[in-house]
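Start counting the sequence shown at 5; every next residue gets the next number (our numbering).
Heads up, the beta-carbon is just placed ideally off N, CA and C, and yes, glycines get one too.
Note that the structure is a prediction, hence the values are computed from the model and not measured.
One structure below.
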Amino acid sequence: MGEIQYFTSEKIAENSWMIKNNFGDSTPAICYLIEGENYALLIDSIIGIGNLKKFCETLTKKPIKLVNTHAHSDHVGGNFHFEECYMHHRDIGFFQTVMGINKEKVFEITKNMAPEDFREKMVLDDNFADWKPMKTYPVYDGDEFDLGDRIIEVVEVLGHTEGSIVLIDHKTRICYAGDACNSNTLLDLPTSLPVETYYGYLKHLKDHQPEFDMMYCGHEFFKAGVLDEALETVATVLDGTDAKCERIGIMGTPVLYAAEKIKDGYPRVDGKRFNMSYLPDRIKALESTKQIIK
Ligand SMILES: [Zn+2]
5 MGEIQYFTSE
15 KIAENSWMIK
25 NNFGDSTPAI
35 CYLIEGENYA
45 LLIDSIIGIG
55 NLKKFCETLT
65 KKPIKLVNTH
75 AHSDHVGGNF
85 HFEECYMHHR
95 DIGFFQTVMG
105 INKEKVFEIT
115 KNMAPEDFRE
125 KMVLDDNFAD
135 WKPMKTYPVY
145 DGDEFDLGDR
155 IIEVVEVLGH
165 TEGSIVLIDH
175 KTRICYAGDA
185 CNSNTLLDLP
195 TSLPVETYYG
205 YLKHLKDHQP
215 EFDMMYCGHE
225 FFKAGVLDEA
235 LETVATVLDG
245 TDAKCERIGI
255 MGTPVLYAAE
265 KIKDGYPRVD
275 GKRFNMSYLP
285 DRIKALESTK
295 QIIK
């Protein structure tokens with residue numbers, strides 16, 4: 005690797021690190037590395053700037069497995085430095101849609117985002133990888149990553165994408181939640197699920213709430229109580245009593261936010277943290293189809 009530090013890390017619990025890009029990440033996206041006795045588990049790979057695998061190898065000497073909380077590009081961009089990854093079976097198809105960006109393009113994008121003094125030193129080295137199809141193993145609700153001395157459990161919280169999961173580390177009582185439940189939970193995207201469906205999965209996560217104290221997400225982190233704010237807020241959308249706060253969504257079209265935001269700003273008026281964007285015609289769950297095949 006060159007002399008540029010593309011990443012920073014911070015220890016958040018026993019053998020557990022939060023990793024971010026050093027620059028160029030406007031979101032900014034966060035990923036996490038958990039070291040166990042037999043292997044280390046990397047949860048998400050952020051936006052693909054820098055060789056994340058090599059950086060993780062400075063934190064752990066164990067072999068590294070990679071799991072994605074969902075297939076959005078700001079969570080899978082670093083996947084292409086790895087041989088294989090795990091993700092929820094319903095997001096694997098969507099994952100294919102981000103393929104095809106070559107490393108020259110990634111280099112160009114990175115260079116444009118880099119601070120001046122970084123830019124001069126940047127070369128097209130192994131910090132950049134082609135975004136190409138890779139071996140992807142499906143995970144399902146209840147699956148476990150057994151790291152030897154710690155179990156990380158997969159819990160479906162579908163909604164933000166069709167295949168969003170959270171991962172609960174039973175040893176450190178941390179729930180790694182991707183974009184499944186945060187202050188800007190986007191349910192207005194083309195691949196998001198209806199609000200009512202999402203609410204059902206939040207209740208599923210509520211059953212697991214006694215197992216964690218913190219939620220470390222893909223862009224921010226919370227105490228476990230943010231889940232109660234989510235349940236309370238999403239319920240108001242279902243009964244029609246939510247704030248219906250009008251904003252322009254990430255797709256450039258009008259969306260509603262369940263809780264009132266401060267004028268022209270991001271936080272909630274009432275000081276609570278959870279919020280969710282949605283489209284008024286995508287609240288009700290879809291009717292399930294039933295076949296009888298004889
Ligand atoms: Zn996302």
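Among residues of its own chain, excluding the 5 on either side of residue i, which ones have a beta-carbon nearer than 6 angstroms to its beta-carbon?
i	result
Asp147	Val158
Asp246	Thr240 and Ala262
Arg94	Glu166 and Gly167
Which same chain residues, not among the five before or five after residue i, have their C-beta less than 7 angstroms away from its C-beta?
i	result
His212	Val159 and Ile172
Tyr205	Glu160, Val161, Leu162 and Gly163
Ala17	Thr176 and Ile178
Leu191	Gly163, His164, Val199, Tyr202, Met280, Ser281 and Tyr282
Gly54	Tyr10, Phe11, Asn25 and Asn131
Leu197	Leu162, Gly163 and Glu166
His85	Asn55, Leu56, Lys57 and Ala133
Can you give the beta carbon distance from residue i to residue j, rounded, assuming they're within the 8 angstroms contact cut?
i	j	result
Ser13	Leu45	Not quite, the Cβ-Cβ distance comes to about 15 angstroms (not below 8 angstroms), so this is no contact.
Phe99	Val71	Rounded, the Cβ-Cβ distance is 12 angstroms, inconsistent with contact.
Ile8	Lys125	6 angstroms
Thr140	Ile96	5 angstroms
Rounded to the nearest angstrom, what separates residue i and residue j at their Cα positions?
i	j	result
Thr291	Glu200	In the sequence as displayed, the identity of residue 291 is Glu instead of Thr. Going by the C-alpha atoms only, they are around 11 angstroms apart.
Glu41	Arg154	8 angstroms
Pro137	Asp48	17 angstroms
Tyr10	Leu56	8 angstroms
Lys210	Phe225	17 angstroms
Pro119	Ile38	30 angstroms
Arg251	Asn188	12 angstroms
Ile50	Lys298	47 angstroms
Ile23	Thr293	42 angstroms
Tyr90	His208	21 angstroms
Cys249	Asp232	20 angstroms
Asp243	Tyr202	15 angstroms
Ala33	Lys288	30 angstroms
Lys109	Glu61	25 angstroms
Phe111	Tyr180	29 angstroms
Asn19	Ala228	21 angstroms
Asp150	Gly52	27 angstroms
Val102	Trp135	7 angstroms
Asn83	Val127	20 angstroms
Ile68	Tyr43	6 angstroms
Tyr270	Met255	17 angstroms
Using a Cβ-Cβ cut-off of 8 angstroms (strictly less than) and excluding sequence neighbours within five positions of residue i, which residues of its own chain qualify?
i	result
Thr195	Phe98, Thr165 and Glu166
Thr237	Asp246, Ala262, Ala263, Lys276, Phe278, Asn279 and Met280
Q. Would the segment 173 to 185 and the segment 128 to 140 be scored as touching if the rule is three or more Cβ pairs under 8 angstroms?
A. The segment 173 to 185 makes no contact with the segment 128 to 140: fewer than 3 CB pairs, one atom from each, lie closer than 8 angstroms.
(Q) Whether or not the segment 209 to 229 and the segment 111 to 123 are in contact is what I'm after, with contact meaning three or more pairs of Cβ atoms, one per stretch, closer than 8 angstroms; do they touch? (A) Not touching, per the Cβ criterion.
Q: Evaluate contact between the segment 161 to 170 and the segment 248 to 266, counting only Cβ atoms and requiring at least three cross-stretch pairs below 8 angstroms.
A: No, because fewer than three Cβ pairs between the segment 161 to 170 and the segment 248 to 266 fall closer than 8 angstroms, the two stretches do not touch.
(Q) Tell me which residues pass a beta-carbon proximity test against ligand 1: closer than 5 angstroms to any heavy atom, given in chain order. (A) Selection output, chain order preserved: His76 and Asp183.
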